[in-house]
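Just so you know, the protein sequences line up as chains A and B, in that order.
Quick note: this note's numbering has the first sequence finishing at residue 567, numbered continuously throughout.
Quick note: this note's numbering has the second sequence finishing at residue 743, numbered continuously throughout.
Glycine included, each C-beta is placed from N, C-alpha and C at the ideal position.
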Amino acid sequence: MSETLTGAQILCRELLAAGVDVIFGYPGGAIMPFYHALPEYPGLRHILVRHEQAAAHAADGYARACGRVGVCVATSGPGATNLVTGLATAHMDSSPILAITGQVSRPMIGRDAFQETDIIGLTLPITKYSHLVQDVSELASSVREAIAIALSGRPGPVLLDVPKDVQNQKFEYEPSRTAIPGTLTPGANPGFPGSLDQGIQEAAQLIAAAERPLIMIGHGVILGNAYAEVRALAERTGIPVITTLLGISAFPESHPLHLGMPGMHGEVHVNRAIQHADVIVGIGLRFDDRVTGNTAAFAPRAKIVHIDLDRAEIGKNIPVAVGLVGDAREVTRRLVQAVEPRNCETWRDEIQSFVRPRADAFSGDLSPESILASIYEVTGGHCTIVTDVGQHQMWVAKHYPYERPNTHITSGGLGTMGFAVPAAIGVHIARPDESVWSISGDGGFQMNMAEIATMVQEGLSVKMAIFNNGYLGMVRQWQQFFHEKRYSCTPIWSPDYVKLAEAYGIAGWRVENRGQLADVVQRANAHAGPALVEFVIAQEANVYPMIPPGGSLSEPIEAQPAAAPAV
Amino acid sequence: MARSHAISVLLDDDLITFNRVIGVVRRRNIAIASIAAGASQTPGVSRMTFILQADDASADRLVRQLQKSFGVRHAVMFPAEEAVTREIALIKVRMDPADRAAFLSVVSQFEAAVVNEGAGACIVEIAGAAARTESCIQALERFGILEIVRSGAVAMRSAEETDPAPAPHNPSEAVL
């Protein structure tokens, strides 16, 4: 049965039909018909952000936390362009978000109308799909198609640009019954001869013959919900597991087979294991340059088995011996069936001999490690950590003991400072029953701290930790190591964060020594409502070890260099 | 080692897909010799042909990225030297009546044709492999070239090998 609805109403109906229950957005001229219709659909909760970038990051955080499409809405022109960083972040980290932008009315398009931008053109390289809706008759199918594309295969952001007059256009709406397709069925990989089964046999033979095998897992294991399969593969073979930055929490860190994070700030023994490995089974990762360092010197002895949903990733960054295209869960499950049980004890002992005592990276007694340990103890691990970008992000990645799947959310590929606070809003909405801590540096926090107001207005109980060292710390560290300690433009002033919290009417604390730590973290975590904790840490704390950019994994910097090396 | 590759793309016949495909090629910083676009054997599906200089691995990466782009039905690459490649060029040449005999002899030598003639100038059409077009242009230079329009090369791998016909539009398959 059909009924006459406006484009704006159809948009709301289709979002509800797709299971959307929250929208992060900001109204404006060209999206006003949509906002006019919104109160008729109380099933769509709207979170009013303070900047559209935050809407995109919040939708991203939401999508990563619950696996459903995250929706953000903005008006045309500046509203739409403010989404761009969030879309690029979601694109690099394969996060399914739908951006709906208002556009000027169709007769005005192409005439440089007020608040007109070609947002489709602007976002083409950072979306999986984008579409300018030309007529109300195609609106419903466009929404369905866009959401299906965002969620199918390797997830990613999509954008629908809806002219204002299309939102107002009336149409005889008939809900279609098109189902949203699920993930792609794994199949034969045309890039490599032979079937998936043959590839799995080849991979199993490589694993059986290997003396020093490793498993490296990335975000694909989380997106594909392949935790049990990866664990079964590791336990059946005794192969140690390395988790990339976005793979963190896909394998319990207390597990005896867990090794740690590889790459630029990976532990020395993890990187040495990679350099000594003869077979690496990579699952759902893309061998990013922060993981490999200099690719020519990466894992020189290893044959690579690469499992990825996206066939364009196979062989993109490093040469691959066996490429297996398909869903991480299904392909790993079949690989588990194909491998013979074995034990890698000698190899694991060898890796243990690579372990170095941790460099004394922290001065002062309020070390980043002690703060993270305190958050873990207070929350009992029932907590999702959302990090920003920089030193604190690496400290969390290295020192927070993740046990539960998908409890570590960060901007990995794009490295977007300012991500944590708004993304934590989305995570909190997806996971209202557990603590959500955003952790930022003093630089990244100041990029999007206006979102405290969003938390207050919407009653969102996000906990915000600020690691304040008075510097843009990671850049300062690079300046220290590679730019003759010339701290150009990295000292950064901060407001009084406790007073800032007070101004917003939220709870706020400053922690300056270890004695205050447990009590404050406990009180912040238990506080009903948003809470902010500033941790004053040593100004020149560094992240060790570090592979210089473009360097080999075999050549880490393990402590402050006496003189800056030439890079 | 860089060599000449033909990349043949079947794509939805709409400008946004053209734009997306061009964007995928552009952001990989590969030197493009020519681009041609036109209809394919399937209504609603266009064919774009790129001739580019790249090493095999870079060209292969590009094709895989194209294959997963929304709106791309099929993308394939093959060495340009081993393929049948053709382009058409229109060359406007200054025409001095005194040079007419010499000019016509060049035109016939390259199996080109005079397709339009006016006072003091004429348009020569030549179709064929790019190398022949280049030689023809060189030979016509002494008469004075006023304008050149080239179509860019279209390419087919061989008479034996036919790319599969594009599948019906299905978003869950088009995007990997």
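Own chain, CB closer than 6 angstroms to residue i, minus 5 neighbours either side, in chain order
{"i": "Q275(A)", "result": "L553, S554"}
{"i": "A569(B)", "result": "Q620, A621, D622"}
{"i": "V716(B)", "result": "L657"}
{"i": "R50(A)", "result": "A450, E451, A453, T454"}
{"i": "Q167(A)", "result": "G7, A8, P33, F34"}
{"i": "L5(A)", "result": "Y173"}
{"i": "G418(A)", "result": "G444, M447, N448"}
{"i": "Q391(A)", "result": "G473, M474, V543"}
{"i": "V567(A)", "result": "Its pLDDT being 44, under 50, V567(A) is placed unreliably by the model, and nothing is read from it."}
{"i": "V355(A)", "result": "H269"}
{"i": "I119(A)", "result": "A80, T101, D161"}
{"i": "G28(A)", "result": "T75, G79"}
Residues near residue i by beta carbon distance below 7 angstroms, same chain, minus five either side
{"i": "A179(A)", "result": "Low confidence applies to A179(A): its pLDDT is 47, below 50, so where it sits in the model is not reliable enough to give any reading."}
{"i": "T711(B)", "result": "Looking at the sequence itself, residue 711(B) is Gly, so the reference to Thr does not match. Around G711(B): V660, R661."}
{"i": "A299(A)", "result": "I274, Q275, A277, I280"}
{"i": "V462(A)", "result": "A424, I425, H428, V436, S438, M455, P530"}
{"i": "H408(A)", "result": "I248, S249, I385, Y402"}
{"i": "N683(B)", "result": "C689, I690"}
{"i": "V475(A)", "result": "T490"}
{"i": "Y400(A)", "result": "L372, Y376, I385"}
{"i": "R334(A)", "result": "I200"}
{"i": "P181(A)", "result": "No answer about P181(A) holds up, because its pLDDT of 43 lies below 50 and its placement is not dependable."}
{"i": "I492(A)", "result": "D442, G443, G470, Y471, L472"}
{"i": "P664(B)", "result": "none"}
{"i": "G43(A)", "result": "L16, D21"}
Option in the options with minimal Cα separation from residue i
{"i": "G284(A)", "options": "H408(A), I222(A), R111(A)", "result": "I222(A)"}
{"i": "N82(A)", "options": "E52(A), A328(A), P125(A), R154(A)", "result": "E52(A)"}
{"i": "I618(B)", "options": "G687(B), I693(B), A680(B), I589(B)", "result": "I589(B)"}
{"i": "L646(A)", "options": "A59(A), C72(A), G29(A), L48(A)", "result": "Outside the modelled stretch of chain A, which goes from 1 to 567, sits residue 646(A), for which no answer is possible."}
{"i": "K164(A)", "options": "S374(A), V336(A), S76(A)", "result": "S76(A)"}
{"i": "N534(B)", "options": "R699(B), A604(B), A626(B)", "result": "Residue 534(B) cannot be examined here, being either before or after the span of chain B that is shown, 568 to 743."}
{"i": "S130(A)", "options": "T101(A), G380(A), V158(A)", "result": "V158(A)"}
{"i": "L414(A)", "options": "D118(A), L246(A), Q198(A)", "result": "L246(A)"}
{"i": "Y41(A)", "options": "P27(A), I23(A), A58(A), H57(A)", "result": "I23(A)"}
{"i": "T616(B)", "options": "V592(B), A668(B), A686(B), L671(B)", "result": "V592(B)"}
{"i": "I97(A)", "options": "A55(A), S195(A), I242(A)", "result": "A55(A)"}
{"i": "A204(A)", "options": "P422(A), E434(A), Q337(A)", "result": "Q337(A)"}
{"i": "I109(A)", "options": "D93(A), H91(A), M92(A), L132(A)", "result": "L132(A)"}
{"i": "G412(A)", "options": "P405(A), D288(A), I537(A)", "result": "D288(A)"}
{"i": "E558(A)", "options": "N271(A), M216(A), A37(A), H219(A)", "result": "N271(A)"}
{"i": "S718(B)", "options": "G605(B), A598(B), P610(B)", "result": "G605(B)"}
{"i": "V339(A)", "options": "A226(A), E502(A), I242(A), D197(A)", "result": "D197(A)"}
Same chain only: Cβ atoms within 8 angstroms of residue i, ignoring 5 sequence neighbours per side
{"i": "V630(B)", "result": "I574, A642, V643, M644"}
{"i": "Q539(A)", "result": "N469, G470, Y471"}
{"i": "P107(A)", "result": "D165"}
{"i": "A397(A)", "result": "L245, I248, M261, H265, T387, H408, T410"}
{"i": "S568(A)", "result": "Residue numbering for chain A in the displayed model covers 1 to 567; residue 568(A) lies beyond these limits and cannot be assessed."}
{"i": "S254(A)", "result": "P401, E403"}
{"i": "G505(A)", "result": "V456"}
{"i": "D666(B)", "result": "F710"}
DSSP beta-bridge partners of residue i
{"i": "E172(A)", "result": "T4(A)"}
{"i": "V162(A)", "result": "G102(A)"}
{"i": "P491(A)", "result": "Y471(A)"}
{"i": "R45(A)", "result": "V22(A)"}
{"i": "Y129(A)", "result": "V158(A)"}
{"i": "M394(A)", "result": "DSSP output for M394(A) lists no bridge partner at all."}
{"i": "M216(A)", "result": "I242(A), G282(A)"}
{"i": "G260(A)", "result": "I242(A)"}
{"i": "G695(B)", "result": "E654(B)"}
Supposed close pair residue i, residue j - CB separation, criterion 8 angstroms
{"i": "A722(B)", "j": "V651(B)", "result": "7 angstroms"}
{"i": "A518(A)", "j": "A65(A)", "result": "The pair is not a contact, with the Cβ atoms about 27 angstroms apart (cut-off 8 angstroms)."}
{"i": "R594(B)", "j": "P125(A)", "result": "6 angstroms"}
{"i": "T127(A)", "j": "L160(A)", "result": "Their Cβ separation, rounded to whole angstroms, is 10 angstroms, which puts T127(A) and L160(A) out of contact at 8 angstroms."}
{"i": "L259(A)", "j": "I318(A)", "result": "Actually they do not touch by this definition, with Cβ atoms about 19 angstroms apart."}
heavy atom of the ligand SAH below 7 angstroms from residue i C-beta
{"i": "H255(A)", "result": "This structure simply doesn't include the ligand SAH, nor any ligand for that matter."}
Legend entry - Three CB pairs or more closer than 8 angstroms across the stretch 136–154 of chain A and the stretch 3–17 of chain A: yes
Inset, instruction - Please determine if the stretch 295–309 of chain A and the stretch 434–444 of chain A are in contact, where contact requires at least 3 C-beta pairs separated by less than 8 angstroms. - result: Not touching, per the Cβ criterion.
Legend entry - contact_flag[the stretch 514–525 of chain A, the stretch 262–273 of chain A] where n(CB pairs < 8 angstroms) is 3 or more: no
Inset, instruction - Decide yes or no for the touch test of the stretch 539–554 of chain A against the stretch 578–593 of chain B: beta carbon pairs closer than 8 angstroms, at least 3 of them. - result: no
Inset, instruction - Mind the definition here: the stretch 146–153 of chain A touches the stretch 111–118 of chain A only if three or more C-beta pairs lie below 8 angstroms; say whether that holds. - result: With a cut-off of 8 angstroms, the stretch 111–118 of chain A and the stretch 146–153 of chain A do not count as touching, because too few Cβ pairs lie within range.
Inset, instruction - May I ask you to verify whether the stretch 329–349 of chain A touches the stretch 194–213 of chain A, counting CB pairs closer than 8 angstroms and requiring at least 3? - result: yes
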